[in-house]
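S.K.: Plus 28 on top of the position in the sequence shown (first one is 1) and you've got this note's numbering.
Don't be surprised by glycine CBs; every beta carbon is placed ideally from N, CA and C.
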Amino acid sequence: MDQDLRWELLASLVTGGRCGQESIDEELGRDNTANGQNAAALAKAAIPTAEAKAAAWESIVVKGELSNALQASAVAGFTRVLDTELLEPYAEKYFEAVPGIVASRTHALAQQIVVGLYPSQLTTQATVERTDKFLASLPEESSALRRMMLENRDGVARALRARQADVG
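#1: From the DSSP output, in three-state form, read off Ser170 for me.
#2: Run through DSSP, which three-state label would Ser132 get?
#3: Got a sec? Which residues, its chain only, sit under 8 Å from Leu145 by beta carbon, not counting five neighbours each side?
#4: Would you tell me roughly how many angstroms separate the C-alpha atoms of Asp32 and Glu168, rounded to the nearest one?
#5: Measuring only the C-alpha atoms, how far is Asn66 from Arg158?
#6: For Leu150, collect the residues of the same chain with a Cβ closer than 7 Å to its Cβ; drop the 5 residues on either side in sequence, then sort them by chain order.
#7: If you follow the alpha helix (DSSP H) that Glu79 is part of, which residue opens it and which one closes it?
#8: Would you report the Cα separation of Asn63 and Glu36, rounded to the nearest angstrom?
#9: Beta-carbon separation of Gln49 and Lys81 under 8 Å?
#10: Look up Arg46 in the DSSP assignment and say whether it is helix, strand or coil.
#11: Where in the segment 137-183 do unbroken runs of the alpha helix (DSSP H), each at least 4 residues long, occur, reported from the N-terminal end onward?
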């Protein structure tokens, strides 16, 4: 089994709550390369506990000290959940953090967060409405952010329409 597959299997086991930090550290000991560090960042952020999600959020959003690759991996792990309740506390925090992130980070880092941490897994009308409220508050010169947020919103709105079509 190649190393990429080992990491993918471990990340899946972590997401499902079958493995944790000890297994991640053990695998990183076998593969302490740039790819291994990225995979470990994803797996660590995927640990399905409130504490792990809080630590990942702190690292990605509050501290903002990760490289592009590590941040992309951590963002992917943060949103890799089986229980979306783990993400609910971060929906409002996301909307509060986005303006500061866009103002203080490079475009690439900001885009990873704006797109990657958008609460798209919380497929509810409340997510659409909160996005509309955010969009209404944006100044006209925020065209790039507006475009990203509209695309984020449209994904949730499409999912809601599809869900309604399945029910109806």
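M.R.: Taking the structure as given:
#1: For the purposes of this step, residue 170 is identified with residue 142 of the sequence shown, where counting begins at 1. If DSSP states are grouped into helix, strand and coil, Ser170 belongs with coil.
#2: If you number the sequence shown from 1, residue 132 lands on position 104. Three-state DSSP puts Ser132 in a helix.
#3: Reading the sequence shown from its first residue, position 117 is the one you call residue 145. Contacts found: Ile88, Val89, Val103, Phe106, Thr107, Tyr118 and Tyr122.
#4: Residue numbering aside, residue 32 sits at position 4 when the sequence shown is read from its first letter. Residue numbering aside, residue 168 sits at position 140 when the sequence shown is read from its first letter. One C-alpha to the other measures close to 44 Å.
#5: Walking along the sequence shown from the start, residue 66 turns up at place 38. Walking along the sequence shown from the start, residue 158 turns up at place 130. The alpha-carbon separation between Asn66 and Arg158 amounts to approximately 32 Å.
#6: For the purposes of this step, residue 150 is identified with residue 122 of the sequence shown, where counting begins at 1. Answer for Leu150: Thr112, Leu115, Glu116 and Ala119, listed in chain order.
#7: Numbered from 1 along the sequence shown, position 51 holds the residue referred to as residue 79. Counting along the chain, the alpha helix (DSSP H) containing Glu79 begins and ends at Ala78 to Trp85.
#8: Counted from its first residue, the sequence shown places residue 63 at position 35. Counted from its first residue, the sequence shown places residue 36 at position 8. C-alpha separation (whole angstroms): 12 Å.
#9: Along the sequence shown, one-based indexing puts residue 49 at 21. Along the sequence shown, one-based indexing puts residue 81 at 53. No, Cβ-Cβ distance for Gln49 and Lys81 is not below 8 Å.
#10: Here residue 46 refers to the residue found at position 18 of the sequence shown. Looking at Arg46 - three-state DSSP - the assignment turns out to be coil, as it is neither helix nor strand.
#11: Complete alpha helix (DSSP H) runs here, min 4: 153-165.
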